[in-house]
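Student: First the structure, then my questions, so here it is.
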Amino acid sequence: MTTIHLIHGEPAAAALRQALQAQQAACRAAVQTAAHVMALADDLTVGPLRDIDEAANPGTAQRAAFWQRVDGECGAANERDMAQQTLAQDDCAALMALESDDANVVIWHTHDAADQLTLRRACYRLRNMPQRLNEVRLTAADLAGTQAEAAARLQVRLADAAPISVLRITRLALEWQEAKFANGETRRWRDNTFTSGTWADLDAQILDILGEVAPPSESGAPWLACDTLGAALVRGGAGFTVGEPVVRWRLRELASTGELRLRDDLCAARAGAQDTRASRPVPVHAAAHLSFSR
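For what it's worth, the UniProt record's numbering labels the leading residue of the sequence shown as 1, then goes sequentially.
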């Protein structure tokens, strides 16, 4: 009997594949079962969701346009940018294949907002086949470290797969429908509940965090990298993991309105006392360094 293991994100999926391979190698051939890992990579915490599960998947075009907006403002899109823009379509195709199959499904998820949305979406898509649905509840620590370290921990957790009750499947499917209907700009996961947020909310938090960093000086003050800023947003209560592409996009948007200053190398800095621009009397927030690999 084939089992399909569903998990959010390709890095986590790679670790899970390694865990399954190690498990199969440790088992006798007579007791081995076929297993397939399916990664859903679209970050559902941001961007439009309405119509994403409708016939012909009209919502995928909306999400592709959203990711193009996020990625396409730094010049020509690279391969990673183009891949980002097709994630919604790829995920929809994977879920359609999952619906047409009859294999048992194990959904692996942490308490992260993106994982929780992936769990709810899978339950919605398979709500009429509840007997197929199982889950493994992970902590962030289970996926921490190198791929090999995460795989070793996931191998131990393979035995923890447990059925999801029909009542819980129904509730999770309903919560997914509510998230789609709300169609917020962002989705925050707090106190086991999703609420919609706006880019203005996120921008305000970014400016608050950057404002706490000392502005650059001639002697060279620290700059805040995008991944560091994203982590600070999570610690500060953003309610979801803010990926570097989104952080970069919001910094560009803030710079376009004069809240930040950006150099050609995509570094942002607070305006110094010597800045005499009259168009922005309010102080510009602290530095953010935008050089990173996605």
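Using N, Cα and C, we set each Cβ at its ideal position, and we do this for glycine too.
How is the beta strand (DSSP E) around Leu260 delimited, first residue to last?
Tutor: Looking up residue 260 in the sequence shown gives position 260. Counting along the chain, Leu260 falls outside any beta strand (DSSP E), and DSSP gives it neither H nor E.
Student: Specify whether the segment 114-133 and the segment 35-46 touch according to this definition: at least 3 beta carbon pairs, one from each stretch, less than 8 Å apart.
Tutor: Enough Cβ pairs lie closer than 8 Å, so yes.
Student: Let me confirm a value: Cys92 is counted as buried when at least 16 other C-beta atoms fall within 10 Å, else exposed. Which label applies?
Tutor: Position 92 of the sequence shown, counted from the start, is the residue given in the question as residue 92. Cys92 comes out buried.
Student: Any C-beta of chain B sitting closer than 7 Å to the C-beta of Gly9?
Tutor: In the structure shown, chain B cannot be found, because there is only a single protein chain.
Student: Express the C-alpha separation of Ala162 and Arg188 in angstroms, rounding to a whole number.
Tutor: Against the sequence shown, residue 188 aligns to sequence position 188. Against the sequence shown, residue 162 aligns to sequence position 162. Going from the Cα of Arg188 to the Cα of Ala162 covers about 27 Å.
Student: Rounded to a whole number of angstroms, what is the C-alpha to C-alpha distance between Leu20 and Thr3?
Tutor: Position 20 of the sequence shown, counted from the first residue, corresponds to residue 20. Position 3 of the sequence shown, counted from the first residue, corresponds to residue 3. For Leu20 and Thr3, the distance between alpha carbons rounds to 11 Å.
Student: Run the CB neighbour count on Leu167, radius 10 Å, all protein chains shown included, and call it buried at 16 or more, exposed below.
Tutor: Position 167 of the sequence shown, counted from the first residue, corresponds to residue 167. Classification of Leu167: exposed, given that the 10 Å Cβ count is below 16.
Student: Phe194 lies in the beta strand (DSSP E); which residues open and close that run?
Tutor: As a first step, residue 194 must be located in the sequence shown, where it is residue number 194. Segment 193-197, the beta strand (DSSP E) holding Phe194.
Student: Among Ile206, Gly237, Gly197, whose alpha-carbon lies nearest the alpha-carbon of Glu244?
Tutor: Stepping through the sequence shown from its first residue, residue 244 is reached at position 244. The residue with the shortest Cα to Cα distance from Glu244 is Ile206.
Student: Closest to Glu175 by CA distance: which of Ser100, Arg17, Tyr124, Leu154 is it?
Tutor: Translated into positions along the sequence shown, residue 175 becomes position 175. Glu175 has its Cα closest to that of Tyr124, out of Ser100, Arg17, Tyr124, Leu154.
Student: According to DSSP, is Ala35 helix, strand or coil?
Tutor: Indexing the sequence shown from 1 puts residue 35 at position 35. Correct three-state label for Ala35: strand.
Student: Using only the alpha-carbon positions, how far apart do Val106 and Ala200 sit?
Tutor: If you number the sequence shown from 1, residue 106 lands on position 106. If you number the sequence shown from 1, residue 200 lands on position 200. So the alpha carbons of these two residues sit roughly 37 Å apart.
Student: Measuring straight from C-alpha to C-alpha, what distance separates Arg63 and Leu87?
Tutor: Start at 1 with the first residue of the sequence shown, and residue 63 comes out as number 63. Start at 1 with the first residue of the sequence shown, and residue 87 comes out as number 87. Going by the C-alpha atoms only, they are around 9 Å apart.
Student: Who are the near neighbours of residue 297 in its chain, counting only those whose CB is closer than 7 Å to its CB and skipping five residues on each side?
Tutor: Outside the displayed range of the chain (1 to 294) lies residue 297, so it cannot be described from this structure.
Student: Give me the residue from Ala238, Arg153, Arg171 with the minimum Cα distance to Thr195.
Tutor: Looking up residue 195 in the sequence shown gives position 195. It is Ala238 whose Cα lies nearest to the Cα of Thr195.
Student: Counting C-beta neighbours from all protein chains within 10 Å, is the total for Glu99 16 or more, i.e. buried, or is it exposed?
Tutor: One-based indexing of the sequence shown puts residue 99 at position 99. By the 10 Å Cβ count, Glu99 comes out exposed.
Student: Is DSSP giving Ile4 helix, strand or coil here?
Tutor: The sequence position of residue 4 within the sequence shown is 4, counting from 1. Ile4 falls in the strand class under three-state DSSP.
Student: Tell me where the beta strand (DSSP E) around Ile107 begins and ends.
Tutor: Within the sequence shown, numbered from 1, the residue matching residue 107 stands at position 107. Start and end: 104-109.
Student: I need the straight-line Cα distance from Glu135 to Ala61, nearest angstrom please.
Tutor: By one-based count along the sequence shown, residue 135 stands at place 135. By one-based count along the sequence shown, residue 61 stands at place 61. Approximately 30 Å between the Cα atoms of the pair.
Student: Bridge partners for Val136 per DSSP, in chain order?
Tutor: Locating residue 136 in the sequence shown gives position 136, where the first residue counts as 1. Bridge partners of Val136: Trp108.
Student: Check each candidate in Ile169, Asn128, Arg153 and name the one with the smallest Cα separation from Thr118.
Tutor: Here the question's residue 118 lines up with position 118 in the sequence shown. Here the closest residue by C-alpha is Ile169.
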